[in-house]
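J.: My questions all concern the structure below.
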Amino acid sequence: MFSSPRTSRRGAGPRYAVPAAIASLSLVLAACGGGSDAGGTAGAPAKDALSKASGVTTVSFWHSMDGKNAEELTKLVTEFNQKNSGKIEVKATYAGKYDDAITKYKAAIQSKSTPDVIQIYDIGTRFMIDAKQTVPMQSFIDRDKLDVSDLQPNITGYYSVDNKLHSMPFNTSMPVMYYNKTLFKKAGLDPEKPPVTIEEIRTAAEKLSKKDGGPADYGFGAAIYGWLLEQFIATSGADYCDKGNGREDKATKVMFDQGEALEVVSWWQKMVKDGLAANTGRDTKSAQAAFKSGQAAITLESTGQLGGFTKAFKEAGWELGAANYPKVKAGDAGPIIGGASLWIDSVGHKDANKEAAWQFVKFLGEPKSQAAWHTGTGYFPISKGALNEPVDVEYRKNNPLFDVAVKQLESTKVTTSSRGCLLGVMPQARKASEDGLEAALGGGDPQASMSKAAKGLEAQIRGYNDSVK
Amino acid sequence: MTGGRRSGPGSYVVLALLFLVVLFPVYYGLVGSFMGERDTNSFPPALWPVSGLQPDNYSDALGIIPLGNQYLTSVLQTLVIALGQLVTSALAAYAFVFLPLRWRAFWFAVFLSTMMIPYESIIIPNYLLISQWGLKDTIAGLTLPFLATGFGAFLLRQSFLSFPMELRDAARVDGASHFRFLTSILLPLSRPSLAALGIYSALSAWNMYFWPLLATEDPKHQTIQIGISQLQTSDGDSPGMVLAGVMLALFPTLLLVIFGQRFIVRGLTAGAVK
């Protein structure tokens with residue numbers, strides 16, 4: 019089967035181990051250089067900065083959108099450039115996958131050649147704040163007295179620190195549980211009553227798995243992917259790291275080796291041991307392929323997969339189901355959004371560029387742009403109004419399962435656990451949790467495996483916190 | 065391979081099997097690049113396009129990235145690096161073998177020690193230098209840090225060491241200068257080693273990912289490897305399209321290996337056994 023290094027919006031796959039190493043090296047450098055060199059104005063520039071500038075202001079924009087998403091982004095950029103013809107021109111550059119892009123950005127800080135706008139993944143948020151290179155979105159919003167009630171509070175919650183929106187959310191996804199309704203029926207399960215808790219997943223998997231005479235090879239199959247573990251912690255209403263998920267103060271340790279997280283790891287391990295769950299490793303594509311080919315009947319994935327799954331199921335003649343992300347115990351806590359946001363650079367950038375960048379970022383967040391973006395890519399719209407745009411209504415009529423995600427998001431209360439952990443070394447933390455989970459699924463003791471992974475992070479967290487003091 | 069005694073039909077069977085194993089990725093890449101999603105998603109995997117050819121994969125790939133420009137950049141970058149390494153390595157190796165340098169062994173050791181510096185540790189300083197000189201988005205910026213290599217000097221030195229000194233003496237007697245001897249006699253006779261180094265440098269240059277990613281900003285100046293990584297998404301991509309891009313990028317390297325393979329093997333073992 020086609021296999022590839024994981025390239026996700028999220029974790030550091032094995033192939034990117036090298037850039038990651040450079041990243042941590044230059045991180046310290048960047049942190050040293052960043053703070054002392056706040057040359058530009060820290061806040062938003064004057065409103066007329068752009069109109070005073072002569073000629074065309076070029077906005078450099080680094081992004082990590084690939085494949086079809088890149089096409090859709092290009093469309094939006096072109097539209098913006100046409101609208102602002104003669105005044106602003108956005109030049110979009112593919113800066114590599116998220117991990118590579120943030121490394122490239124760190125190098126650019128060193129050489130004082132940062133782009134005007136950069137797209138950074140969710141887990142790079144703490145670093146971006148500490149690097150002190152950017153203007154918080156809040157300064158622009160306050161200056162323009164902009165009404166931001168159209169933005170989904172669950173999404174802006176992630177990117178808000180100290181009650182300030184630092185970056186503008188852009189491409190957003192949510193985790194959901196996908197299941198194969200056809201296989202559910204074959205196994206004698208009610209396809210309209212998907213499992214809610216991990217215990218119920220096990221009960222369903224016992225009927226679904228080939229081992230006990232069920233119709234699928236495995237009842238359950240999801241990638242060894244730290245993001246999923248983070249979601250289980252959130253849907254339990256618990257925190258991933260201390261200090262209120264790093265929202266009150268800089269977090270000093272991760273807590274994925276205790277409480278519900280540990281319960282999930284033990285449950286998962288037992289599922290694999292009993293032949294109820296497929297262990298397809300860390301590559302998310304393998305787990306996707308197992309689900310698409312009907313080998314696994316239940317999987318956990320992001321809303322971004324809805325299009326791909328729908329297409330594959332249609333071709334196979336099966337019926338696809340989607341439901342809320344499972345919980346350890348039933349309750350009203352919800353998952354964390356994922357994806358990336360846009361940051362406007364300040365240090366070393368002219369006021370006209372900052373203002374032009376803000377116009378561009380604002381444009382991307384408008385209901386119309388978000389509706390186009392959502393329907394073209396499958397990402398979740400950050401704007402509530404986007405859901406009422408005709409093109410969006412039409413899309414959701416054709417993809418009714420997407421409403422599962424909309425309802426899930428809207429019913430999730432904004433709490434520290436649903437806003438997610440803010441940690442300077444979050445990419446490394448995610449990877450460590452995968453090390454632990456992988457060891458446990460391979461037969462290691464869950465507690466020992468996860469504790470070892472969590473312990474290994476302490477020095478890195480301390481090192482980071484010291485470097486940005 | 066001692067004599068021809070062992071090469072019975074059995075060894076051909078083994079070789080044929082190994083051949084299939086080695087060839088399989090190329091085969092699947094080629095066939096997969098014409099497959100629709102239905103075939104790439106099926107289990108067990110389809111080994112040929114069961115549900116029809118999908119030539120759209122190629123046009124889809126070309127629609128996302130400016131492949132033509134990126135191709136050109138990659139080819140230029142590869143040529144400059146390969147030629148640059150050949151020239152600098154040949155000159156350095158010449159000095160180590162044929163010039164009466166003082167402390168020759170010591171300097172050679174210093175040269176070799178550069179091979180032990182991990183590339184990752186110098187990439188940031190390199191980047192700072194290149195961007196200070198304003199060389200981002202240029203072929204110069206892409207190639208400058210890679211024009212000299214300790215490995216190349218080492219490889220050619222070993223090859224030059226086995227060069228018959230009688231020939232050199234004869235050239236000297238006939239009044240050939242260093243340069244004349246190098247270009248008219250030594251290099252032509254060391255072609256296998258030069259080809260081996262050239263191919264090795266070209267392959268590594270063609271496959272570079274991280275440096276071109278740092279050193280370029282304009283999509284048109286990016287190399288094809290970056291373009292290909294942009295074809296691949298985590299969210300519902302089409303493997304057929306990615307494979308189409310991979311095949312396009314693979315093509316030149318495949319040609320290089322097919323036509324240059326005998327040189328690689330001959331060159332790397334040259335001077336290994338005396």
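The listed protein sequences correspond, in order, to chains A and B.
To convert, count from 1 in the first sequence and add 18; that's this note's numbering.
To convert, count from 1 in the second sequence and add 64; that's this note's numbering.
Cβ atoms here follow ideal geometry from the backbone N, Cα and C, with glycine treated the same way.
1) Rounded to the nearest angstrom, what separates B:Leu320 and B:Pro252 at their Cα positions?
2) Going by the beta-carbon positions, is the gap between A:Thr317 and A:Met444 smaller than 9 Å?
3) Just the chain A side, please: which residues come within less than 7 Å of B:Pro283 by C-beta, in chain order?
4) Taking a contact to mean a Cβ-Cβ separation below 9 Å, would you say A:Asp134 touches A:Ile362 in this structure?
5) Going by C-alpha distance, which of A:Asp257, A:Asp230, A:Gly356 and A:Gly396 is nearest A:Ala88?
6) By DSSP, does A:Ser469 sit in helix, in strand, or in coil?
7) Establish whether the CB of B:Glu101 and some CB of chain A are separated by less than 9 Å.
8) Pairs of beta-carbons, one from the segment 292 to 300 of chain A and one from the segment 220 to 235 of chain A, closer than 8 Å: are there three or more?
9) Are the C-beta atoms of B:Gln196 and some chain A residue less than 9 Å apart?
10) Do the segment 454 to 470 of chain A and the segment 274 to 291 of chain A touch if we need at least three Cβ pairs shorter than 8 Å?
11) Here's a check: name, in chain order, each residue in its chain whose Cβ is nearer than 6 Å to the Cβ of B:Asn121, leaving out the five neighbours to either side.
12) For A:Asp84 versus B:Thr287, is the C-beta distance shorter than 9 Å?
13) For A:Val486, tell me which candidate among A:Glu217, A:Thr298, A:Leu246 and A:Asp148 has the shortest Cα-Cα distance.
14) Counting contacts by CB-CB distance shorter than 9 Å, is A:Ser78 in contact with chain C?
15) Which residue wins for smallest C-alpha separation from B:Ser268, given the options B:Phe210, B:Tyr158, B:Phe227 and B:Ile292?
16) Within the continuous alpha helix (DSSP H) that includes B:Tyr191, where are the two ends?
17) State the beta-bridge partners of A:Met195 as determined by DSSP.
18) For B:Gln149, I'd like the list of residues in its chain whose CB is within less than 6 Å of its CB, leaving aside the five on either flank, ordered along the chain.
19) Can you list, in chain order, the residues of its chain whose CB lies under 8 Å from that of A:Thr92, leaving out five sequence neighbours each side?
20) Using a Cβ-Cβ distance cut-off of 9 Å, determine whether B:Thr286 contacts chain A.
21) Of all Cβ atoms in chain B, is any one closer than 9 Å to the Cβ of A:Gly85?
22) Given that a residue counts as buried once 16 or more other Cβ atoms are within 10 Å of its Cβ, and exposed if not, what is B:Ala345?
23) For the candidate residues B:Trp275, B:Ile290, B:Phe243 and B:Phe323, whose alpha-carbon lies nearest to that of B:Ala156?
24) Tell me B:Tyr264's beta-bridge partners as DSSP assigns them.
25) Any C-beta of chain B sitting closer than 9 Å to the C-beta of A:Pro233?
26) Starting from B:Leu140, trace the alpha helix (DSSP H) in both directions and tell me its first and last residue.
27) Going by DSSP, what residues sit across from A:Lys109 in a beta bridge?
28) Give the residues of chain A in contact with B:Ile290, contact being defined as C-beta atoms less than 8 Å apart.
29) Does the separation of the CB atoms of A:Ala375 and A:Val74 fall below 9 Å?
30) Should A:Asp66 be labelled buried (16 or more other beta-carbon atoms within 10 Å of its own) or exposed?
31) From what residue to what residue does the alpha helix (DSSP H) around B:Val340 run?
32) Nearest-angstrom Cα distance between B:Val77 and A:Gln276?
33) In the DSSP output, which residue or residues are listed as bridge partners for A:Val179?
34) Whole angstroms is fine: what's the gap from B:Thr280's alpha carbon to B:Asp201's?
35) Please return the same chain residues whose Cβ sits closer than 8 Å to the Cβ of A:Lys271, not counting the five positions on each side in sequence.
36) Quick test of your reading: A:Cys541 and A:Ala315, contact by CB under 8 Å. State the CB separation rounded to the nearest angstrom.
T.: With the structure as the only source:
1) 20 Å
2) no
3) Thr111 and Tyr112
4) yes
5) A:Gly396
6) helix
7) yes
8) yes
9) yes
10) yes
11) Ser97, Gly304, Met305 and Ala308
12) no
13) A:Asp148
14) Absent here is chain C; the protein component of the structure consists of chains A and B.
15) B:Phe210
16) Tyr183 to Gln196
17) A:Leu318 and A:Ala341
18) Thr213, Gly216 and Ser265
19) Ala110
20) Here residue 286 of chain B is Gln; the residue named in the question, Thr, does not match the sequence. Yes, B:Gln286 counts as interfacial toward chain A.
21) yes
22) There is simply no residue 345 of chain B to check, as chain B begins at 65 and stops at 338 in what is shown.
23) B:Phe243
24) Bridge partners of B:Tyr264: none, in fact.
25) no
26) Leu131 to Phe162
27) A:Ser78
28) Tyr112 and Gly114
29) no
30) exposed
31) Chain B is shown from 65 up to 338; residue 340 of chain B falls before or after that span and cannot be answered.
32) 56 Å
33) A:Lys182
34) 4 Å
35) Cys259, Asp260, Ala472, Leu475, Glu476 and Ile479
36) Summary: the structure shown does not reach residue 541 of chain A, with chain A confined to residues 19 through 487, and so no result is reported for it.
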